[in-house]
Amino acid sequence: MSSFKDKTAPMTPSVTLLDAMLAWDSAHWRYALNINNLADKTYISVCLGRGDCWYVARRSVVASATYRF
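The opening position of the sequence shown corresponds to residue 63 in the working numbering, with each subsequent residue numbered one higher.
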């Protein structure tokens with residue numbers, strides 16, 4: 063399916079991505095680990111009719127610690 067229903071845009075194939083989240087809560091703290099594009103797949107995510115195409119973001123990992131008052 064082409065992007066934004068633009069019939070002139072190149073077709074981009076469907077892709078399945080895997081994201082993951084792990085979190086631990088205590089009385090006042092929350093620790094979390096978020097991973098996007100876990101398999102680190104490289105593919106073109108969207109194309110416009112004029113020929114501009116973009117790759118999807120590579121794997122990203124974000125760790126956080128949050129304190130609740």
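Heads up, the beta-carbon is just placed ideally off N, CA and C, and yes, glycines get one too. As the structure is a computational prediction, the values presented were derived from the model and not from experiment.
| Asked | Found |
| --- | --- |
| Which of the three DSSP states is assigned to residue 89 in this structure? | coil |
| Out of 71, 70, 72 and 90, which has the shortest C-alpha to C-alpha gap to residue 131? | 90 |
| Run through the DSSP bridge pairs and tell me what residue 122 is partnered with. | 98 |
| What are the partner residues of residue 84, as DSSP defines its beta bridges? | 95 |
| Considering only C-alpha positions, which residue in the set 102, 95, 112 and 128 is nearest to residue 118? | 102 |
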